[in-house]
Each structure stands twice: as C-alpha cells, then as structure tokens.
Amino acid sequence: MYKRLSIMWAFLALAGLISFFGCGGDDNGGGPAPVPADLDSAYQELAGLMGEMIDTVSSGNEMHPEDYDFTSLHGVFRNYEQTHPGDPKSSFGAALTSLLTLSTSEDLNALLDTIIAMGDGGFPKLQGIPNPTKMSSRREFFTFPTELPAAGVERNFMAQSYVALMARAISNPPKFSEIQQMIRDDFMPAVDNASRYMDKVLDDPDFVFWVTPEMMGETSDSIEIDRADFLVFAAGLRVIKSFFHLAVAYDVDIPSYDLAGIAFIFDQSNNWMSLHPDGETQMTSARTDFLDAIGFADGAISALQNEPFSDPNQSNDLIVVNWYPSDYQEAHSILDSIQAYLTTTQTVYADFDGDGGTEMVSVDMSSLFDNPIDGIFSLLPPYTSEIGAVQDTIWYYWWYWDGYEYREDSAISYIDEFYAVIITWDADTFNDWAFPNPSINGLFPDVNSDVEFKSLFGLTPDMWQKQMQLDLDFDF
C-alpha cells in the first residue's frame with residue numbers, strides 16, 4: 038500500500054517521477070506487452086536518469102536538476118508520437134518528459150539557488166543571528182538583544198519586519214513579477230504540452246502502462262497503470278494549469294520586503310493586486326482548466342467504480358479503492374457541487390453577520406472569473422494609510438494552587454512597542470462610509486447597495502470608528 042501511495046503522489050506532485058518505472062503496453066490481460074525498440078530504448082534511458090536522481094536524493098547528497106537533461110528524450114517521444122499518430126505509449130512518454138525538461142530551466146535553477154541561499158527552513162542565517170523558534174509575543178519577536186549590533190543592523194530597522202531580515206540574506210531577492218514571468222515562460226508551456234499529450238493518451242481507452250519489477254529494481258509484481266490512473270494524472274495537470282493561470286493574473290509586486298513594502302500594499306492609490314493586461318483571460322482560463330479537472334476526476338471515479346467488473350483481479354492496480362456504492366455516489370456529488378459553484382449562482386446558508394443565526398445568501402463564484410476584481414483595496418471605502426509605532430500594555434499573571442483551586446498570586450506589566458498599519462477613512466460618519474462595489478463584481482448578486490452590504494455583514498454605526506489599526510504581529 039505504501040508503495041502504491043508513493044507512486045500516486047509522484048503522479049500528482051512530480052508527474053515525471055513514475056517515468057523511470059518501465060515500459061508501456063496494451064492491456065493483454067496477462068502482463069506487460071513489448072513496445073517498439075526505439076521507444077523501449079528511450080524508456081530505458083529515462084529510467085537510468087531518473088534512477089540517478091532518486092539515488093542522489095535518497096543518499097542525502099545535493100541534487101542539481103540542471104545536471105539531468107531530458108530534452109533529447111523528450112524529442113524521441115515527441116518525434117515518435119508525430120510519426121505514429123494515435124500511439125499512446127509515445128504520447129505518455131512525451132507527457133512525462135515535457136515536465137522533466139524543466140530541470141534545465143535557467144530561471145528555475147536560479148530561483149532554487151536563491152531559496153537555498155535563504156538558509157535552512159526558508160530563514161536566512163545572517164552573521165550569527167539565530168533562526169527563530171516559536172514566538173508568541175510581539176516583545177519576543179522584535180527583541181534580538183546582543184546579536185543586532187554585531188550584525189551591523191539597527192534595532193529600529195530590524196523591528197520593522199522579519200521579512201527585512203530575509204531580504205538582507207540574499208543580494209537580489211526575486212520579485213513576484215520575475216517568478217510570474219518564469220511561470221509564463223517555462224512552467225505553463227511545459228504543463229500545456231503535457232496536458233495535450235495526456236489527452237491523446239486518453240483517446241485510447243484500453244491503453245495500460247506497466248511498472249515492471251526490473252525498472253523498480255525489485256522482485257515485486259508488476260503494477261498496472263490504467264485508465265483511471267491516467268484520468269487522475271490528467272486531472273492533476275489541469276489543476277496545476279489552473280493554479281498557474283491564477284498565479285500570473287494579478288500584479289502583486291512590492292518595492293521591497295520590509296515596512297515600505299507593507300505600506301505600498303495598503304496604499305489605496307497604488308491599486309495593489311490589480312489585473313495584468315491579460316488578467317481577465319488568465320482568470321477565465323483558470324476556471325476552464327479547473328472544470329476540465331473536475332471532468333477528468335469524475336471520469337476517474339467512474340472508471341474505478343467499474344474496475345471490479347472489467348478487471349476483477351486488482352492486486353496489480355496502482356489505485357485500489359474498496360468503496361461502497363454510496364461512497365462513489367458521494368464523490369460524484371461533491372464534484373457536481375464544486376462544478377455548480379463555479380458555473381451558476383448558489384444559495385449559501387451561513388452566519389454572515391455574526392449574530393449567531395443563519396442567513397440565506399445568493400453567491401455567484403463564477404463572477405470571480407468572468408468579472409474578476411481589479412485591485413483588492415478598491416473594494417473598500419476611500420482611506421489613507423500609514424505605518425506607525427504603537428504601544429500596548431502586556432500583563433503577565435502568576436497563579437498558585439491552594440489545594441482546591443488556582444488563585445492569582447501576582448501580576449506584572451510592561452509596555453510593548455510594535456508597528457501597525459493605521460487606516461484613516463475619508464468619511465467622517467458611518468453613513469458617509471460607503472462601499473463603492475457592494476456586490477463585489479457580482480459575487481453577491483442580490484446585494485445592490487451599500488446599506489444592503491452593511492446589513493449582510495452586520496456592520497453597524499456603534500462599531501464604526503474613523504480610524505482603525507492593523508497590528509503587524511507575526512507568529513512563527
């Protein structure tokens with residue numbers, strides 16, 4: 038079971054990993070069928086490369102993806118697929134190697150080097166300053182007593198944000214736009230190609246890919262990767278495509294990774310998280326790909342449900358599901374529900390106004406993709422913002438057990454200083470404090486006015502203040 042789960046994770050998280058397992062073949066009911074010699078050679082070479090990568094990682098050595106070039110192998114599978122239309126074995130190999138060619142992406146390897154430079158666990162190691170442990174109070178977070186002067190960092194600067202420490206750990210921290218461009222240039226084409234090849238694999242409903250003991254270096258039985266598994270793989274690729282479209286739709290750049298960057302985010306005039314020029318197209322594509330993923334997942338469930346009848350001996354199957362008929366029905370229903378939320382207006386029952394009751398509200402999630410929000414802070418009433426140093430009184434209490442109950446023994450307090458975002462509304466009264474887009478671009482189609490929006494979320498005059506404070510309180 039553990040081995041099967043491991044392979045399944047490889048399918049979804051690092052699709053190319055399973056390619057080193059073996060050769061493909063049509064389902065002959067008795068075991069792996071031979072493949073053409075040139076494809077067999079390509080799979081054998083692929084197995085060797087993947088075996089080297091896995092051995093390097095499993096032995097604890099540092100693995101450099103750029104040392105493993107799958108480009109020529111991808112060319113073999115791609116060329117064979119072009120000269121043999123409809124051949125699923127070459128299409129499957131082309132799908133896998135489409136993803137594996139990312140190992141030689143210069144942008145990807147540069148990003149990995151940057152992450153490694155940030156230190157273990159994602160935190161930098163800056164001139165002897167220890168990596169943080171769990172911190173529960175602002176005082177602990179902003180107090181690095183003796184190490185700061187030795188590191189040449191002023192206390193006030195360090196107190197601004199722990200992100201500043203991360204930014205100092207590397208000479209040129211990547212901007213979000215640079216990562217987005219890498220997704221556009223490298224990741225999206227690779228996943229698009231893999232998805233296109235997997236669609237061709239699915240054109241043959243009887244195709245089976247066998248994981249042979251020889252390719253695993255073990256004496257266990259062969260493992261059958263059949264239509265249900267391919268559908269899961271195809272669904273995973275569509276989910277990844279959907280995520281990438283979402284990731285590149287919005288401009289989320291900030292000028293720096295410190296308080297200035299936080300100030301930039303909250304400055305309403307900057308319109309942070311605005312759509313890129315092709316943002317609307319990216320959001321539409323994100324939903325399209327996710328709906329395709331739902332369709333593939335639904336097909337996989339149907340295939341699994343039918344396998345006990347079409348293939349009674351499931352001992353060699355990659356995915357073995359022993360569900361009751363009601364479990365399959367529930368899985369289909371969940372997918373149908375997700376699809377409905379992404380395509381039609383649904384009625385949601387929840388406590389929107391915080392009064393402890395349940396409200397019935399129409400919600401149209403499709404509007405987030407058909408009419409995406411352009412600038413998250415544009416949804417709020419007009420305001421100005423600044424970063425300020427504020428104070429708070431922190432109390433500590435000591436208790437003792439008197440044999441019957443705990444009693445307060447003593448207490449001390451101290452003044453805690455920290456930073457916060459101070460938001461000052463342009464409006465002077467609650468009635469003037471108006472939300473400019475009460476339906477949130479159609480997300481709440483029945484909310485047509487500021488009054489209705491405030492009523493829906495329980496916003497009342499007694500809780501309104503001219504100024505509000507957002508503490509920059511981090512917990513690691």
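Heads up, the sequence shown is in the numbering used here, so the first residue is 38 and it goes up one at a time.
Ideal placement from N, C-alpha and C gives every residue a C-beta, glycine not left out.
Option in His121, Asp326, Ser374, Thr382 with minimal Cα separation from Ala272:
In the sequence shown, the residue the question calls residue 272 occupies position 235. The residue with the shortest Cα to Cα distance from Ala272 is Asp326.
With a threshold of 6 Å on Cβ separation, who are the neighbours of Asp483 within its own chain once the five nearest residues in sequence on each side are excluded?
By one-based count along the sequence shown, residue 483 stands at place 446. Excluding positions up to five away in sequence, the list reads Ser399.
Just curious, the alpha helix (DSSP H) that Glu489 is in, first and last residue?
For the purposes of this step, residue 489 is identified with residue 452 of the sequence shown, where counting begins at 1. Unbroken alpha helix (DSSP H) run through Glu489: 487–493.
Report yes if the CB atom of Leu417 is closer than 8 Å to the CB atom of Val458, and no otherwise.
Position 380 of the sequence shown, counting from 1, holds the residue named residue 417. Position 421 of the sequence shown, counting from 1, holds the residue named residue 458. No; because the gap between Cβ atoms is not below 8 Å, this pair is not in contact.
With DSSP collapsed to three states, give me the class of Tyr365.
Within the sequence shown, residue 365 is the residue found at index 328, counting from 1. It is helical.
Does the beta-carbon of Gln119 have 16 or more other beta-carbons within 10 angstroms, so that it is buried, or is it exposed?
In the sequence shown, residue 119 corresponds to position 82, counting from 1. With fewer than 16 Cβ atoms within 10 Å of its Cβ, Gln119 is classed as exposed.
Return the bridge partner residues of Val398 from the DSSP annotation.
Sequence index remark: in the sequence shown, residue 398 carries index 361 (1-based). Val385.
Could you tell me whether the Cβ atoms of His111 and Ala131 are closer together than 8 Å?
Numbered from 1 along the sequence shown, position 74 holds the residue referred to as residue 111. Numbered from 1 along the sequence shown, position 94 holds the residue referred to as residue 131. In contact: His111 and Ala131 (Cβ atoms closer than 8 Å).
According to DSSP, is Leu185 part of a helix, a strand, or is it coil?
For the purposes of this step, residue 185 is identified with residue 148 of the sequence shown, where counting begins at 1. Per-residue confidence for Leu185 stands at a pLDDT of 43, beneath the threshold of 50, marking its modelled position as unreliable; the derived number appears in the next sentence. Helix at Leu185.
Beta-carbon proximity of Leu274 to Ala231, cut-off 8 Å:
Within the sequence shown, numbered from 1, the residue matching residue 274 stands at position 237. Within the sequence shown, numbered from 1, the residue matching residue 231 stands at position 194. In this structure, Ala231 lies closer than 8 Å to Leu274 by Cβ.
Just the Cα atoms here: how many angstroms apart are Ile220 and Ala286?
Numbered from its first residue, the sequence shown carries residue 220 at position 183. Numbered from its first residue, the sequence shown carries residue 286 at position 249. Computed Cα separation, rounded: 11 Å.
Count the C-beta pairs between the stretch 474–488 and the stretch 448–458 that are closer than 8 Å, then say yes if the count reaches three, no if not.
No, they do not touch.
Just mark Met500 as buried or exposed, buried being the case when its beta carbon has 16 or more other beta carbons within 10 Å.
Translated into positions along the sequence shown, residue 500 becomes position 463. Met500 is exposed by the Cβ-count criterion.
With a threshold of 16 other CB atoms inside 10 Å of the CB of Thr466, please say whether the residue is buried or exposed.
Sequence index remark: in the sequence shown, residue 466 carries index 429 (1-based). With fewer than 16 other Cβ atoms within 10 Å, it is exposed.
So, for Thr395: in the same chain, excluding its five sequence neighbours on each side, which residues have a beta-carbon less than 7 Å away from its beta-carbon?
Counted from its first residue, the sequence shown places residue 395 at position 358. Hits under 7 Å: Tyr386, Ala387, Asp388.
Taking Cβ to Cβ, would you say Val238 is nearer than 8 Å to Phe129?
Walking along the sequence shown from the start, residue 238 turns up at place 201. Walking along the sequence shown from the start, residue 129 turns up at place 92. A contact, by the Cβ cut-off of 8 Å.
Could you say which of Phe333, Asn343, Leu355 lies nearest to Asp373 if we only look at CA atoms?
Taking the first residue of the sequence shown as position 1, residue 373 is located at position 336. Of the candidates Phe333, Asn343, Leu355, Phe333 places its Cα closest to the Cα of Asp373.
Going residue by residue through the stretch 403–435, where are the continuous alpha helix (DSSP H) segments of at least 4 residues, counting only ones entirely within it?
For the stretch 403–435, whole alpha helix (DSSP H) runs of length 4 or above, ordered along the chain, are 404–407.
Name the two residues that bound the continuous alpha helix (DSSP H) containing Leu137.
Counting from 1 along the sequence shown, the entry for residue 137 is found at position 100. Residue range 125–137 is occupied by the alpha helix (DSSP H) that includes Leu137.
Outcome for Glu445 when other beta-carbon atoms lying within 10 angstroms are tallied against a minimum of 16:
Sequence index remark: in the sequence shown, residue 445 carries index 408 (1-based). Glu445 is exposed by the Cβ-count criterion.
For Gly316, which residues in the same chain have their Cβ closer than 7 Å to its Cβ, ignoring the five residues on either side in sequence?
On the sequence shown, residue 316 is found 279 positions in, with the first residue counted as 1. Contacts found: Ala286, Tyr287, Pro409.
Straight-line gap, Ser96 to Ser140 (C-alpha atoms, nearest Å):
Stepping through the sequence shown from its first residue, residue 96 is reached at position 59. Stepping through the sequence shown from its first residue, residue 140 is reached at position 103. Taking the straight line joining both Cα atoms gives about 20 Å.
Give the secondary structure of Glu344 by DSSP, where H, G and I count as helix, E and B as strand, and everything else as coil.
In the sequence shown, the residue the question calls residue 344 occupies position 307. Residue state, collapsed to three classes: helix.
Using 8 Å for Cβ pairs, my map puts Gln305 next to Pro419. What's the rounded Cβ distance?
The residue given as residue 305 occupies position 268 in the sequence shown. The residue given as residue 419 occupies position 382 in the sequence shown. Right, their Cβ atoms sit about 7 Å apart.
Cβ-based burial, Ser370 [other Cβ within 10 Å; buried from 16]:
Translated into the one-based positions of the sequence shown, residue 370 becomes position 333. Result: exposed.
Pull up the DSSP beta-bridge partners for Val458, would you.
Counted from its first residue, the sequence shown places residue 458 at position 421. Answer is Ile424, Leu507, bridged to Val458.
Can you give me the C-alpha to C-alpha distance between Leu381 and Met402, rounded to a whole angstrom?
Here residue 381 refers to the residue found at position 344 when the sequence shown is read from its first residue. Here residue 402 refers to the residue found at position 365 when the sequence shown is read from its first residue. Sequence check: residue 381 is Thr here, not Leu. Whole-angstrom Cα-Cα distance: 8 Å.
DSSP state of Phe270, grouped into three classes?
In the sequence shown, counting from the first residue as 1, residue 270 sits at position 233. DSSP places Phe270 in the helix class (H, G or I) of the three-state scheme.
Ser415: which of Pro362, Leu312, Gly425 sits nearest, CA to CA?
Working through the sequence shown from its first residue, we reach residue 415 at position 378. Selected option, being the one with the closest Cα: Leu312.
Please go through the same chain and pick out, in chain order, the residues whose beta-carbon is closer than 8 Å to the beta-carbon of Pro242, but skip the five residues on each side of it.
Translated into positions along the sequence shown, residue 242 becomes position 205. For Pro242, the CB contacts under 8 Å within the same chain, skipping 5 residues up- and downstream, are Arg264 in chain order.
Going by C-alpha distance, which of Phe406, Gln383, Asp429 is nearest Met397?
In the sequence shown, the residue the question calls residue 397 occupies position 360. Of Phe406, Gln383, Asp429, the residue nearest in Cα terms is Gln383.
From which residue to which residue does the beta strand (DSSP E) around Glu215 run?
Taking the sequence shown and counting its residues from 1, the one referred to as residue 215 is at position 178. No beta strand (DSSP E) holds Glu215; the alpha helix (DSSP H) holding it covers 213–219.
Buried or exposed: His101, going by 16 or more other Cβ atoms within 10 Å of its Cβ?
For the purposes of this step, residue 101 is identified with residue 64 of the sequence shown, where counting begins at 1. By the 10 Å Cβ count, His101 comes out exposed.
For Val289, the nearest candidate out of Ala464, Ser259, Gln218 (CA to CA):
For the purposes of this step, residue 289 is taken as residue 252 along the sequence shown, with counting starting at 1. Of Ala464, Ser259, Gln218, the residue nearest in Cα terms is Gln218.
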